[in-house]
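Everything in the sequence shown is counted per our numbering, starting at 69 for the first residue and increasing by one.
A short write-up of the structure that comes next.
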Amino acid sequence: MVLGDQCRQPDRARGLFRRRACLSRLPASASRQAVHPADFRCDAEFNVLASIVETAMKAMPLLDPFVPDRAAFRAAAGSVSHAELHARAERLAARLPDCPLVVNYCERRDIFALALMAAWMRGQTALFPADRGEHTYSMLAADHPLLYSLSDTPLPFDPPGNMIVDMEALADGPTTDAPRTDAPRTDAPRRLASSHPAAKVFTSGSTGKPSVNEKTWGMLVAGGKSIPLMLRLDALQDPTVVATVPSQHMYGFETTIMNVLQGGAAAHVERPVYPADIARCLAEVPPPRVLVTTPVHLRALVEGRAALPEIARVISATAPLSKELAESAERRLNAEVWEIYGFTEAGSVGARHTVSTQDWVLRKDFAAREAAGGQFVEWAEFDRRIPFPDVVQILDPSHIRLQGRAQDMVNIAGKRASLAGLASQMLEIEGVQDAVFWLPSEDRGMGVVARLIAFAVAPACTEAGLRAALQQRLDSAFMPRTIVFVDKLPRNATGKITERAMKDLAARYLAGDAT
Numbered sequence: 069m070v071l072g073d074q075c076r077q078p079d080r081a082r083g084l085f086r087r088r089a090c091l092s093r094l095p096a097s098a099s100r101q102a103v104h105p106a107d108f109r110c111d112a113e114f115n116v117l118a119s120i121v122e123t124a125m126k127a128m129p130l131l132d133p134f135v136p137d138r139a140a141f142r143a144a145a146g147s148v149s150h151a152e153l154h155a156r157a158e159r160l161a162a163r164l165p166d167c168p169l170v171v172n173y174c175e176r177r178d179i180f181a182l183a184l185m186a187a188w189m190r191g192q193t194a195l196f197p198a199d200r201g202e203h204t205y206s207m208l209a210a211d212h213p214l215l216y217s218l219s220d221t222p223l224p225f226d227p228p229g230n231m232i233v234d235m236e237a238l239a240d241g242p243t244t245d246a247p248r249t250d251a252p253r254t255d256a257p258r259r260l261a262s263s264h265p266a267a268k269v270f271t272s273g274s275t276g277k278p279s280v281n282e283k284t285w286g287m288l289v290a291g292g293k294s295i296p297l298m299l300r301l302d303a304l305q306d307p308t309v310v311a312t313v314p315s316q317h318m319y320g321f322e323t324t325i326m327n328v329l330q331g332g333a334a335a336h337v338e339r340p341v342y343p344a345d346i347a348r349c350l351a352e353v354p355p356p357r358v359l360v361t362t363p364v365h366l367r368a369l370v371e372g373r374a375a376l377p378e379i380a381r382v383i384s385a386t387a388p389l390s391k392e393l394a395e396s397a398e399r400r401l402n403a404e405v406w407e408i409y410g411f412t413e414a415g416s417v418g419a420r421h422t423v424s425t426q427d428w429v430l431r432k433d434f435a436a437r438e439a440a441g442g443q444f445v446e447w448a449e450f451d452r453r454i455p456f457p458d459v460v461q462i463l464d465p466s467h468i469r470l471q472g473r474a475q476d477m478v479n480i481a482g483k484r485a486s487l488a489g490l491a492s493q494m495l496e497i498e499g500v501q502d503a504v505f506w507l508p509s510e511d512r513g514m515g516v517v518a519r520l521i522a523f524a525v526a527p528a529c530t531e532a533g534l535r536a537a538l539q540q541r542l543d544s545a546f547m548p549r550t551i552v553f554v555d556k557l558p559r560n561a562t563g564k565i566t567e568r569a570m571k572d573l574a575a576r577y578l579a580g581d582a583t
């Protein structure tokens with residue numbers, strides 16, 4: 069395919085910016101030679117656009133390093149190699165519709181990965197919605213009419229044009245390159261332009277309405293290369309990741325999908341949640357094993373009795389991890405526990421060995437900066453300045469100290485604290501299994517808080533006992549007015565609780581008093 073196939077317009081007055089948009093969607097095979105001066109109004113436009121092609125069309129392989137017989141994904145029944153994954157993705161690509169956007173609902177990680185690769189081979193952009201609900205899909209479809217979806221099992225609703233991906237049916241058959249192939253590819257994998265709009269990632273909505281963030285292939289590759297180094301996973305020889313978080317979430321996507329495609333790791337195909345299932349999945353893969361999880365899942369694993377195989381590293385994110393829980397986990401699992409700090413707009417930003425330090429070390433391609441406009445992450449490679457959504461202390465360009473999420477901070481009688489920090493203090497109390505502090509939105513920013521509320525999963529505790537324990541840990545200004553005992557908190561697949569879920573919880577238990 070050459071430039072004219074993508075960019076030929078009957079109305080030449082559409083102009084330079086329309087042509088630039090077309091160039092951003094060119095395949096990796098495009099080059100300066102594909103740009104012909106006759107297609108442009110003047111030499112200056114030709115030179116500008118030719119330069120854009122040379123810069124933006126830097127092509128990067130879908131799998132790097134590509135080791136044909138190395139395992140990409142593992143399961144009890146066996147593994148899928150780099151070559152097999154790539155070949156099946158090519159076969160799926162030949163069957164995909166000619167649409168620009170796709171929602172990937174596949175739950176098995178190997179199928180999720182090959183579905184993504186197939187879509188990228190077709191020049192498509194993947195949407196990562198905040199959840200799998202019909203309402204969310206309907207909103208996406210309203211904003212993006214040229215949309216279809218992929219799944220590996222039937223969905224609870226029926227989106228138009230949904231395709232179910234059968235991994236075994238892709239074992240052989242026609243590809244986009246040749247009429248038929250029966251052997252896995254052993255030469256270089258497909259390449260994708262660095263500027264290709266690979267993903268649109270939606271925030272979790274934990275602080276309100278989800279927002280969308282666009283990621284180019286170059287950005288995803290940069291994370292896939294730098295995040296394993298940030299976590300010191302490069303010290304492990306051929307690690308395999310077992311993760312309790314979904315691939316559709318940015319944390320899970322970076323640690324289980326891009327870490328496989330660009331970081332040299334393998335991953336288990338399942339997403340275990342309960343301690344027994346986590347132990348089983350860990351036992352089904354060879355060492356060194358890396359457990360990617362959340363504080364909620366980690367606490368359950370620490371307090372459970374499941375026999376665990378040797379674990380080389382534990383990684384936690386999505387919510388603050390207390391030093392006490394990290395210490396307990398290191399004793400129970402006999403492995404270092406590392407924590408990731410990140411946000412959807414930037415991805416994984418920094419990491420720390422939680423029991424050793426409260427400071428975060430930023431990944432090598434990021435720098436923390438402060439200017440008149442505020443604090444931000446500088447991503448020089450992509451000329452990006454991404455504002456911190458949190459209150460941070462910048463120690464130097466490579467180190468920060470997190471003081472709390474900006475929307476999580478409460479100010480009472482001139483004193484500041486984060487709701488997550490208050491909850492972590494309650495979680496240290498014996499008998500408390502889960503907890504969250506909440507401030508109704510109409511009380512935020514009022515200076516004096518009358519309705520700070522704590523919800524606790526603590527069947528063995530009494531309110532009087534909890535208050536006595538909290539008084540030993542919290543400033544009196546942050547003692548909750550109300551403590552509500554619940555059987556379970558409405559956490560989503562990544563362990564977060566959305567603002568909407570908190571309002572529903574308050575309405576259910578407080579009869580409208582806190583909403």
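Using N, Cα and C, we set each Cβ at its ideal position, and we do this for glycine too.
What three-state label does DSSP hand Met586 in the structure shown? The first residue shown for the chain is 69 and the last is 583, placing residue 586 beyond what the model contains.
Can you tell which of Gly191, Ala151, Ala303 has the C-alpha that lies nearest to the C-alpha of Pro165? The residue from Gly191, Ala151, Ala303 with its alpha-carbon nearest to that of Pro165 is Gly191.
Nearest to Val269 (by Cα), restricted to the options Thr193, Phe134, Ser149, His421: Thr193
Tell me whether Glu282 sits in a helix, a strand or coil according to DSSP, three-state version. strand
Could you tell me whether the Cβ atoms of Ala561 and Pro314 are closer together than 8 angstroms? yes
Please state whether DSSP places Gln501 in a helix, a strand or coil. coil
Nearest by alpha-carbon distance to Ala439: which of Ile454, Asp476, Asp427 is it? Ile454
Per-residue burial, Thr150 [other beta carbons within 10 Å of its own, 16 or more giving buried]: Per the sequence shown, residue 150 should be read as His rather than Thr. With 16 or more Cβ atoms within 10 Å of its Cβ, His150 is classed as buried.
Cβ pair His336, Val353 closer than 8 angstroms: For His336 and Val353, yes; Cβs fall inside 8 angstroms.
Thinking just about the alpha-carbon of each residue, which of Ser390, Lys432, Phe444, Ala448 is nearest to the one in Thr422? Ser390
Close-in-space but distant-in-sequence residues of the same chain around Lys293 (CB under 6 angstroms, 5 per side omitted): For Lys293, same chain residues with a beta-carbon under 6 angstroms away, outside a window of 5 residues either side, are Gln330 in chain order.
Evaluate contact between the stretch 483–503 and the stretch 376–384, counting only Cβ atoms and requiring at least three cross-stretch pairs below 8 angstroms. Two segments are said to touch when three or more pairs of C-beta atoms, one from each, lie closer than 8 angstroms; by this definition the stretch 483–503 does not touch the stretch 376–384.
Thr308: which of Arg519, Val554, Arg142 sits nearest, CA to CA? Arg142
Please go through the same chain and pick out, in chain order, the residues whose beta-carbon is closer than 6 angstroms to the beta-carbon of Gly286, but skip the five residues on each side of it. Ser262
When the Cα of Met128 is compared with those of Ala209, Arg138, Met189, Ala155, which residue comes out closest? Ranked by how close their Cα comes to the Cα of Met128, the residues Ala209, Arg138, Met189, Ala155 have Met189 in first place.
Collapsed DSSP secondary structure at Val328 in the structure displayed: Here Val328 sits in helix by DSSP.
Can you tell me whether DSSP reads Met287 as helix, strand or coil? helix
Straight-line CA distance for His154 to Arg176? The alpha-carbon of His154 is positioned some 16 angstroms away from that of Arg176.
With DSSP collapsed to three states, give me the class of Ile565. Note: Ile565 maps to coil in three-state DSSP.
Start and end of the alpha helix (DSSP H) containing Leu463? Leu463 -> not in any alpha helix (DSSP H); beta strand (DSSP E) instead, spanning 458–464.
Mapping DSSP to helix, strand and coil, what is Leu218? In the structure shown, Leu218 sits in a strand (DSSP, three-state: E or B).
So is Lys432 buried or exposed if we call it buried at 16+ other beta carbons inside 10 Å? exposed
Between the stretch 493–500 and the stretch 523–532, can you find at least three pairs of beta-carbon atoms closer than 8 angstroms? yes
Can you tell me where the alpha helix (DSSP H) holding Phe180 begins and where it ends? 177–189
Three-state secondary structure (DSSP) at Ser486? strand
Classification of Asp476 by the beta-carbon crowding that lies within 10 angstroms, buried from 16 upward: Label assigned to Asp476: buried.
Of the residues Val500, Gly499, Ile480, which one's Cα is nearest the Cα of Leu507? Ile480
Do you know whose CA, among Gly410, Leu223, Cys349, Leu208, lies nearest Pro377's CA? Cys349
Please state the DSSP three-state secondary structure of Ala266. strand
Nearest neighbour of Glu236, chosen from Tyr173, Leu182, Trp447 [CA to CA]: Leu182
Would you say the stretch 558–578 touches the stretch 390–407, given that touching needs at least three Cβ pairs under 8 angstroms? Three or more beta-carbon pairs separated by less than 8 angstroms are not found between the stretch 558–578 and the stretch 390–407, which leaves the two stretches without contact.
Going by beta carbon distance, what residues of the same chain come within less than 6 angstroms of Arg156, once the five residues before and after it are set aside? Leu182, Leu238
Work out the CA separation of Leu223 and Leu214 for me, nearest whole Å. In a straight line, the C-alpha of Leu214 is about 20 angstroms away from that of Leu223.
Would you mind stating whether Arg664 and Leu130 have Cβ atoms separated by less than 8 angstroms? Only positions 69 to 583 of the chain appear in the structure, and residue 664 is not among them; the question remains open.
So for Gly201, helix, strand or coil by DSSP? coil
Simplified DSSP assignment, three categories, for His317: coil
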